[in-house]
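Participant: The structure under discussion is supplied below as structure tokens; questions concerning it will follow.
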Amino acid sequence: MKHSAIVALAMLMASCAAKNNTNQESADEAASANAAELTSTVICRTDDGSQLIWVKDNEGDKKMDRKLFPDASDELISELGFADGVPSSISVFYVENNDEWMLFDAGLGKNMGGKAMTDSVAGLDRSKVKTVFLTHFHLDHIGGMLVDGEKTYPDAKVYVCKNEYDYWMKEADEESSKMQRDVMTKYNDNLVFFNWGDELPGGVKAIEAPGHTPGHTVFQKSNVLIIGDLMHGYDLQKDHPEISCNFDMDKTLAAESRVKILNYAKENNLVMVGMHQPAPAACEK
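So, in structure tokens, the structure goes:
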């Protein structure tokens, strides 16, 4: 795939930087030449040789309202300088797998103002996306699965956690889950169900991380964890994983999942990328 809009990160994680010095120089040149079109960013090359690309789905800077974290004290928020909001983003991630591409979540979709699945993301050819992994079924993660009511990725296999699917299709109120039902119905013939702990195509592992939603899943690809909505305000929650966001359906369980995944990442020296991480959308723990 050609990338006419690739930016090199100014702050590559230490685990990736050593492997990407040459790529960094090339990407710097591309960034200088294409400053007006920058929409996608090569984060790093994983230990198994895959290229990880971050695409920001929102325009400009995004912050999560301080009120979304009611368990955080005013003193802590003031100390961290987050009175006007916690830095965040809406993001998706592509992984190069030979000449085909794997996509982790699909963003808001153009009908909701999302940018990641539109033609403005130069060089990211949607026709090459043959595998989609969904961390969970909230709008800003599956909205991009449809364009004008039709499948964005008609030829892709779509991997979904059975727990997540069963909740939205069988337990959630029909009116409040209409979007989820519409997307899953359209992709009915494309769906592949998995359970936590399963080894999925492309060397991807599904890791249990419920709480935000009943089937919320973290994916591991080599030395990288794609953590979905494990954290909505990384700079706040990385050191205070007990603080949940109002978007978490089960705050207690979400906090337990955060502690578990943060410890797992640290113990195994893994890079974390998340759908609401602030730019550059990746960090080490």
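Counting with my numbering, you get residues 1382 to 1666 for the letters of the sequence shown.
Where a beta carbon is used, it is the ideal one built from N, C-alpha and C, also for glycine.
All figures in this text were calculated on a predicted structure; none of them were measured in a lab.
1. Within its chain, find whatever has a CB closer than 8 Å to the CB of S1413; leave out the 5 residues flanking it on each side and keep chain order.
2. What three-state label does DSSP hand Q1561 in the structure shown?
3. Does the structure place the segment 1609-1618 close enough to the segment 1635-1646 that three or more beta carbon pairs sit under 8 Å?
4. How about the segment 1519-1535 and the segment 1480-1491: do they share at least three Cβ pairs that are nearer than 8 Å?
5. Please classify E1477: is it buried, with 16 or more other beta-carbons within 10 angstroms of its beta-carbon, or exposed?
6. Which of the three DSSP states is assigned to M1550 in this structure?
7. In angstroms with no decimal places, state the Cα-to-Cα distance between G1583 and L1515.
8. Could you spell out the range, first to last residue, of the beta strand (DSSP E) harbouring Q1601?
9. Do the CB positions of D1455 and I1624 come within less than 8 Å of each other?
10. Can you tell me the Cα-Cα spacing of K1538 and I1607, whole angstroms?
11. Does the Cβ of V1654 have 16 or more other Cβ atoms within 10 Å, making it buried, or fewer, making it exposed?
12. Cβ of K1509 less than 8 Å from any chain D Cβ?
13. Three or more C-beta pairs under 8 Å: does that hold for the segment 1548-1563 against the segment 1576-1590?
14. Residues bridged to N1478 by DSSP?
15. According to the neighbour-count rule (16 or more other Cβ atoms, all chains shown, within 10 Å of its Cβ), is S1407 buried or exposed?
16. Pop quiz: M1656 and S1472 are said to be a contact at Cβ under 8 Å. What is the actual Cβ separation, rounded to whole angstroms?
17. Considering Cα atoms alone, identify which of M1526, K1602 and F1628 is closest to A1587.
18. Work out the CA separation of V1605 and F1428 for me, nearest whole Å.
19. Rounded to the nearest angstrom, what separates N1439 and G1462 at their Cα positions?
20. Leaving aside the five residues before and after Q1561 along the sequence, list all residues of the same chain whose C-beta is less than 8 Å from its C-beta, in chain order.
21. So the beta strand (DSSP E) I1377 belongs to, where does it begin and stop?
22. Can you tell me the Cβ-Cβ gap for S1469 and G1592, rounded? I've got them flagged as a contact below 8 Å.
23. From E1545 to S1558, what does the alpha carbon distance come to, in whole angstroms?
24. In this structure, how does DSSP classify M1656 when only helix, strand and coil are distinguished?
25. If contacts are defined as beta-carbon pairs under 8 Å, then V1541 and L1572 qualify, I think. What distance do you get, rounded to the angstrom?
26. Throw me the rounded Cβ distance for the Y1475 and V1513 pair, which I believe falls under 8 Å.
27. Run through the DSSP bridge pairs and tell me what A1587 is partnered with.
28. List the whole-angstrom C-beta distance separating Y1534 from V1564, where the pair is believed to meet the contact cut-off of C-beta under 8 Å.
Facilitator: Let me lay it out:
1. With a pLDDT of 30 at S1413, under the threshold of 50, the predicted position of this residue should be treated as unreliable, and no value is reported.
2. helix
3. yes
4. yes
5. buried
6. helix
7. Whole-angstrom Cα-Cα distance: 15 Å.
8. Annotation for Q1601: the continuous beta strand (DSSP E) segment containing it runs T1598 to K1602.
9. no
10. 18 Å
11. buried
12. This model lacks chain D altogether; it includes just one protein chain.
13. Verdict: no, contact absent.
14. E1481
15. No answer about S1407 holds up, because its pLDDT of 37 lies below 50 and its placement is not dependable.
16. 5 Å
17. K1602
18. In the sequence under discussion, the amino acid at residue 1428 is Asp, which differs from the Phe named in the question. So the alpha carbons of these two residues sit roughly 9 Å apart.
19. 23 Å
20. If we look at Q1561 and ignore the five residues flanking it on each side, its Cβ neighbours are F1518, I1523, W1549, M1550 and A1553.
21. No information on residue 1377 is available, as it lies outside the stretch 1382 to 1666 that the chain covers here.
22. That belief does not hold up - the Cβ atoms of S1469 and G1592 are roughly 18 Å apart, past 8 Å.
23. 12 Å
24. coil
25. 6 Å
26. Actually they are not in contact, since the Cβ atoms of Y1475 and V1513 sit about 10 Å apart, beyond 8 Å.
27. F1600
28. Beta-carbon to beta-carbon, Y1534 and V1564 are separated by about 11 Å, too far to satisfy the 8 Å threshold.
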